[in-house]
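S.K.: Per our numbering, the sequence shown starts with residue 10, numbered consecutively.
So that we are looking at the same thing, I have put the structure below in structure tokens.
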Amino acid sequence: MTRKNTNAFLFLKKINIFDVLFLISFLTSIIMSFTMEREKLLYISPIVVFTILVKYLSVTKQKANLLFVIALFALIAINFLTFYSFQKYFVLITMLTCFYLIIYSLILKKYLNKSNIKKILSLSVLIGCLLIGYIIFSVIDLILNHIPNYSVIYVFLCASSLFIYVVIFSRIYLNNNYDNTIIIFASGIASLFNIGLSPINEYYFYNKTFTILILICHYLSIYLFMKFISETNSKDKKNIEETYF
């Protein structure tokens, strides 16, 4: 057996029925978002997240992180409410988003390297924080006149939670203490894009292409986060120097 065939066999061996279910539901959701009205996604979208939950439980078994399971149920609720009536349940969706971002941050806390203050305040981190802060502020500024006044405080709470989450996953990536930090970085960027673009698409400028991009980023962000925490042991750090953008 050639090396190429061996690698292909090992790759197929890693794939289980839950990966197939995720892929099928993922593609079905994307195709439906392209060919049908968004209301048709009311049930298929939560199913995609549910397949990720089942996949996670099958991989971790008794070692599953209860916090992540709770976060996934919050995400299932978000998916349902988003396509049921985003504007009617905007506050609840915002609070659930804030809730799962806080859980994400708590889960990732153990992967943070206890660096000294000079490393934390490195130029790359400060520039990145300013850039992310500007992006979040720009999104809030766009939708501020389109959302009810009573929901503004919840938007700022969600924005704060998102900013903290971005700082944490960026810090993990920059520390580069694990072999697959690129996975959590990709997940975080996808989350940032999904959360930032969703209210713009709902309140400011609706576009079906945006909906498709949001769904792709949404599903991938959850799947990659699950992949990182299920495959990465926080104690298996590698001793290398810090990397920068």
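Glycine residues also receive a C-beta, built at the ideal position from the N, C-alpha and C atoms.
Could you pull out every residue in the same chain whose Cβ sits closer than 8 Å to the Cβ of residue 126, ignoring the five residues on either side in sequence?
M.R.: For residue 126, the pLDDT reaches just 47, beneath the cut-off of 50, and the residue's location in the model is therefore unreliable, leaving the point undetermined.
S.K.: Given 8 Å as the limit, is there contact between the segment 221–240 and the segment 199–210, that is, 3 or more CB pairs closer than that?
M.R.: Contact holds: three or more Cβ-Cβ distances are below 8 Å.
S.K.: Considering residue 188, what are the terminal residues of the alpha helix (DSSP H) in which it resides?
M.R.: Run containing residue 188: none; DSSP gives neither H nor E here.
S.K.: Exposed or buried, residue 191, counting other C-beta atoms within 10 Å across all chains shown (16 or more means buried)?
M.R.: Residue 191 comes out exposed.
S.K.: What separation, rounded to the nearest whole angstrom, lies between the Cα atoms of residue 90 and residue 98?
M.R.: Taking the straight line joining both Cα atoms gives about 7 Å.
S.K.: Applying the 10 Å Cβ sphere with the 16-neighbour rule, what's the burial state of residue 215?
M.R.: Per the 10 Å Cβ criterion, exposed.
S.K.: Is residue 55 helix, strand or coil by DSSP?
M.R.: Helix.
S.K.: For the 8 Å Cβ check, are there 3 or more pairs between the segment 67–84 and the segment 105–112?
M.R.: In short, these stretches touch, since the Cβ pair count reaches three.
S.K.: Is residue 157 helix, strand or coil when you go by DSSP?
M.R.: In this structure, residue 157 counts as coil in the three-state DSSP scheme.
S.K.: May I have the straight-line CA-CA distance separating residue 28 from residue 238, to the nearest angstrom?
M.R.: Taking the straight line joining both Cα atoms gives about 16 Å.
S.K.: With a threshold of 8 Å, are at least 3 pairs of Cβ atoms found where one atom belongs to the segment 56–69 and the other to the segment 175–183?
M.R.: The segment 56–69, when compared against the segment 175–183, does not touch it at the 8 Å Cβ threshold.
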